[in-house]
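Visitor: Each residue of the sequence shown is one higher than the one before, counting from 630 in the numbering used here.
For every residue, glycine included, the Cβ atom is placed at its ideal position computed from N, Cα and C.
Since the structure is predicted, the reported quantities are computational estimates derived from the model, not experimental observations.
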Amino acid sequence: MPNSTRQALLQALSAAEGEYISGQQLAETLGVSRAAVHKAAAALTAQGYALEAAPRRGYRLTGGDPFCAEAAGEYPAPVYVYDTLESSNRTAKLLALDGAPHGTLVLTAHQSAGRGRLGRFESPAGKGVYCSVLLRPEVPAASAQTVTISAAVAVCRAVKALCGIELSIKWVNDLYYQGRKVCGILTEAGTDLESGRLEWLVVGIGLNLTSTAADWPEELAAKAGSLYPGGPAPVSRAAL
Numbered sequence: 630m631p632n633s634t635r636q637a638l639l640q641a642l643s644a645a646e647g648e649y650i651s652g653q654q655l656a657e658t659l660g661v662s663r664a665a666v667h668k669a670a671a672a673l674t675a676q677g678y679a680l681e682a683a684p685r686r687g688y689r690l691t692g693g694d695p696f697c698a699e700a701a702g703e704y705p706a707p708v709y710v711y712d713t714l715e716s717s718n719r720t721a722k723l724l725a726l727d728g729a730p731h732g733t734l735v736l737t738a739h740q741s742a743g744r745g746r747l748g749r750f751e752s753p754a755g756k757g758v759y760c761s762v763l764l765r766p767e768v769p770a771a772s773a774q775t776v777t778i779s780a781a782v783a784v785c786r787a788v789k790a791l792c793g794i795e796l797s798i799k800w801v802n803d804l805y806y807q808g809r810k811v812c813g814i815l816t817e818a819g820t821d822l823e824s825g826r827l828e829w830l831v832v833g834i835g836l837n838l839t840s841t842a843a844d845w846p847e848e849l850a851a852k853a854g855s856l857y858p859g860g861p862a863p864v865s866r867a868a869l
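#1: Quick check on Ser761: does DSSP put it in helix, strand or coil?
#2: Quick one: give me the first and last residue of the beta strand (DSSP E) that Val735 is part of.
#3: With DSSP collapsed to three states, give me the class of Asn802.
#4: Compute the distance between the beta-carbons of Gly647 and Gly687, then report whether it is under 7 Å.
#5: Of the residues Tyr709, Val768, Ala783, Lys756, which one's Cα is nearest the Cα of Gly825?
#6: Helix, strand or coil, according to DSSP, for Gly652 in the structure here?
#7: When we look at the beta-carbon of Arg723 and count the other beta-carbons within 10 Å, is it buried (16 or more) or exposed?
#8: Could you give the DSSP three-state label for Leu838: helix, strand or coil?
#9: Quick one: what does DSSP say Gln676 is sitting in, helix, strand or coil?
#10: Given this structure, state the Cα-to-Cα distance separating Ser865 from Glu823, to the nearest angstrom.
#11: On a CA-only basis, which of Ser643, Thr674, Ala721 is nearest Val816? Give me that one, please.
#12: Leaving out five residues before and five after Ser840 in sequence, what residues of the same chain have Cβ atoms less than 6 Å from its Cβ?
#13: Would you report the Cα separation of Leu830 and Ala780, rounded to the nearest angstrom?
#14: What residue does the alpha helix (DSSP H) around Leu723 start on, and which one ends it?
#15: How long is the line joining the alpha carbons of Val762 and Leu836, rounded to whole angstroms?
#16: Taking 7 Å as the cut-off, decide whether the C-beta atoms of Cys760 and Val784 are in contact.
#17: Look at Ile794 and Asn802 and say whether their C-beta atoms are less than 7 Å apart.
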């Protein structure tokens, strides 16, 4: 079964925000048979999504794991999804050196050795979104910092649009909510020494979703925060 069918089904059920959609309506919307809808639903369930099917009512999505390629929605570049990584930035940099295209996205549910601008970045498993995007901008190396600033603004706008939450920026790469840090951004670059231009940029973003004080080392417990402390984000917002 094509990934596109699973992806389209996931998007349709997410948009319904927990309401049932009939199998016939889904089949017509997706342009596939009802058997294909059933197979796609079974595949999403196997991936960890809490998907319910009821006679004469159809299907509905009540929750699940956002860390799969289908949850990223339509995306114009390769998406690499992992349950755990040493560091999403490290993986993205290796992909950059291997020639991966502009926009390549690395997404993971956990980092065993995540890094921030000043050292280690804690990444509690299953409690946040940890991703890195590979960019190949045609700009001089001196402009690299503007990318970090742009990323901080973009995350704030995305969280506002998807979650209705206003974040503040501690320039240039830390985002705060209710006085606690909920997001860190780390930008790393590869430069052509002869031309002085960037060959690639990797922008790493770590956003805390449901972590609590118990998830952090003692020295961070009073400083770190999350968007939804200790509780799941709404289904429609899970694929942030």
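Guide: So, from the listed chains and residues:
#1: The residue you call residue 761 lines up with position 132 of the sequence shown. Strand.
#2: The count along the sequence shown starts at 1 and reaches residue 735 at position 106. It spans 734-737 - the beta strand (DSSP E) in which Val735 sits, taken as one unbroken run.
#3: As a working mapping, residue 802 is identified with position 173 in the sequence shown. Asn802 falls in the coil class under three-state DSSP.
#4: On the sequence shown, position 18 is the one that residue 647 refers to. On the sequence shown, position 58 is the one that residue 687 refers to. Cβ atoms of Gly647 and Gly687: not closer than 7 Å.
#5: For the purposes of this step, residue 825 is taken as the residue at position 196 of the sequence shown. Nearest to Gly825 by C-alpha distance, out of Tyr709, Val768, Ala783, Lys756, is Val768.
#6: Start at 1 with the first residue of the sequence shown, and residue 652 comes out as number 23. Helix.
#7: Locating residue 723 in the sequence shown gives position 94, where the first residue counts as 1. It is worth fixing the name first, because residue 723 is Leu in this sequence and not Arg. Residue environment for Leu723: exposed (fewer than 16 other C-beta atoms within 10 angstroms of its C-beta).
#8: Taking the sequence shown and counting its residues from 1, the one referred to as residue 838 is at position 209. Coil at Leu838, not helix or strand.
#9: Walking along the sequence shown from the start, residue 676 turns up at place 47. Correct three-state label for Gln676: coil.
#10: Within the sequence shown, the letter at position 236 stands for residue 865. Within the sequence shown, the letter at position 194 stands for residue 823. Because Ser865 sits at a pLDDT of 38, beneath the cut-off of 50, its placement in the model cannot be relied upon, and the point is left open.
#11: Walking along the sequence shown from the start, residue 816 turns up at place 187. According to the sequence displayed, residue 816 carries Thr and not Val. Ranking the options by Cα distance to Thr816, first place goes to Ala721.
#12: Sequence index remark: in the sequence shown, residue 840 carries index 211 (1-based). So the qualifying residues of the chain are Pro753, Lys756, Ser855.
#13: For the purposes of this step, residue 830 is taken as residue 201 along the sequence shown, with counting starting at 1. For the purposes of this step, residue 780 is taken as residue 151 along the sequence shown, with counting starting at 1. Approximately 12 Å, taken between the alpha carbons.
#14: Within the sequence shown, numbered from 1, the residue matching residue 723 stands at position 94. Unbroken alpha helix (DSSP H) run through Leu723: 717-726.
#15: Locating residue 762 in the sequence shown gives position 133, counting from the first residue. Locating residue 836 in the sequence shown gives position 207, counting from the first residue. The straight-line gap from Cα to Cα measures roughly 14 Å.
#16: In the sequence shown, the residue the question calls residue 760 occupies position 131. In the sequence shown, the residue the question calls residue 784 occupies position 155. No, these two residues do not count as a Cβ contact at 7 Å.
#17: One-based indexing of the sequence shown puts residue 794 at position 165. One-based indexing of the sequence shown puts residue 802 at position 173. Contact flag unset, no.
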